[in-house]
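Colleague: Residue numbers (the UniProt record's numbering): 1 to 212. Even for Gly, the Cβ is constructed at its ideal location relative to N, Cα and C.
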């Protein structure tokens, strides 16, 4: 039973042996418990229902404190992106696309007034997450990570997942980024924006990075 209780603590990503040893000691177990190696080996990516009510992920969204990630400036025309500072297994939850939730219609209208193709608007069905305003009003001292993930059509290693996160004040539409491959330290995280050179009203024909 303790095996499943302990595994349930690690919803976002697979724990390290050091972390498991620390948690076993903290729980007061000195004998008759599964080995840390077994705990790590049996870890499985969480199901969506588990993610939507997980208190640690909810806290990470509220506080915008996602461990294992950092923003890196690649210089040149590429600019900034997000890289891993620790390994993540396929299925791990990395971070969210944080911003103001508006209607898709309002997002499309807002998009018309933005000159930069990277306009930080994430559309999903009839909603839009507006992350173009920085600093964001609820986290004025932080650069949120999700808006800094770069595009890759051919080499994406994460994907966006829509969840109805169960906050104490009610459910909220949240876009989480989930690893679709194992991610190593210093590797950049990218997802497919779902656009091409014909997007942006034909103004993206010279944007070669859209096809990478």
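Under a Cβ-count criterion, where at least 16 other Cβ atoms within 10 Å of its own Cβ denotes burial, should residue 98 be classed as buried or exposed?
Modeller: buried
Colleague: Return helix, strand or coil for residue 17, following the three-state DSSP convention.
Modeller: Residue 17 falls in the helix class under three-state DSSP.
Colleague: Could you tell me the distance, in whole angstroms, from the CA atom of residue 59 to the CA atom of residue 14?
Modeller: 18 Å
Colleague: Could you check the C-alpha separation between residue 169 and residue 146 for me, to the nearest Å?
Modeller: Rounded to whole angstroms, residue 169 to residue 146 spans 23 Å at the Cα level.
Colleague: How long is the line joining the alpha carbons of residue 198 and residue 190, rounded to whole angstroms?
Modeller: Confidence in residue 198 is poor, its pLDDT being 37 and thus under 50, which makes the residue's placement too unreliable to answer from.
Colleague: Kindly provide the ranges of any alpha helix (DSSP H) runs that are 4 or more residues long and lie completely inside the UniProt domain "SET" (67-194), ordered along the chain.
Modeller: Qualifying alpha helix (DSSP H) stretches, in chain order: 104-111.
Colleague: Which residues bound the alpha helix (DSSP H) around residue 27?
Modeller: Per DSSP, residue 27 belongs to no alpha helix (DSSP H) and is neither H nor E.
Colleague: Give the straight-line distance between the Cα atoms of residue 176 and residue 39, rounded to the nearest whole angstrom.
Modeller: The alpha-carbon atoms of residue 176 and residue 39 are separated by roughly 25 Å.
Colleague: Is it the case that the segment 103-111 contacts the segment 52-72, given that we only count it when at least three CB pairs across the two stretches are under 8 Å?
Modeller: no
Colleague: Can you give me the Cβ contacts of residue 164 inside the same chain, cut-off strictly under 7 Å, excluding the 5 residues immediately before and after it?
Modeller: 52, 171, 173
Colleague: Among 181, 194, 32, which residue has its Cα nearest to the Cα of residue 84?
Modeller: 181
Colleague: Please go through the same chain and pick out, in chain order, the residues whose beta-carbon is closer than 7 Å to the beta-carbon of residue 126, but skip the five residues on each side of it.
Modeller: Apart from the 5 residues on each side of it in sequence, residue 126 sits with its Cβ closer than 7 Å to the Cβ of 103, 104 in its chain, given in chain order.
Colleague: Can you give me the C-alpha to C-alpha distance between residue 166 and residue 70, rounded to a whole angstrom?
Modeller: 27 Å
Colleague: Quick one, are the C-beta atoms of residue 93 and residue 57 less than 9 Å apart?
Modeller: yes
Colleague: Just the C-alpha distance for residue 226 and residue 33, rounded to the nearest angstrom, thanks.
Modeller: Only positions 1 to 212 of the chain appear in this structure, which leaves residue 226 out of reach.
Colleague: From 37, 131, 151, pick the residue whose C-alpha is nearest to that of residue 142; which is it?
Modeller: 131
Colleague: Could you please give the first and the last residue of the uninterrupted alpha helix (DSSP H) stretch that includes residue 50?
Modeller: 48-53
Colleague: Per DSSP, what kind of secondary structure is residue 36 in: helix, strand or coil?
Modeller: Helix, per DSSP.
Colleague: Check this for me: beta carbons of residue 80 and residue 153, under 9 Å apart or not?
Modeller: no
Colleague: Taking residue 161 as the reference, which of 87, 193, 55 has the closest Cα?
Modeller: 193
Colleague: In this structure, how does DSSP classify residue 62 when only helix, strand and coil are distinguished?
Modeller: helix
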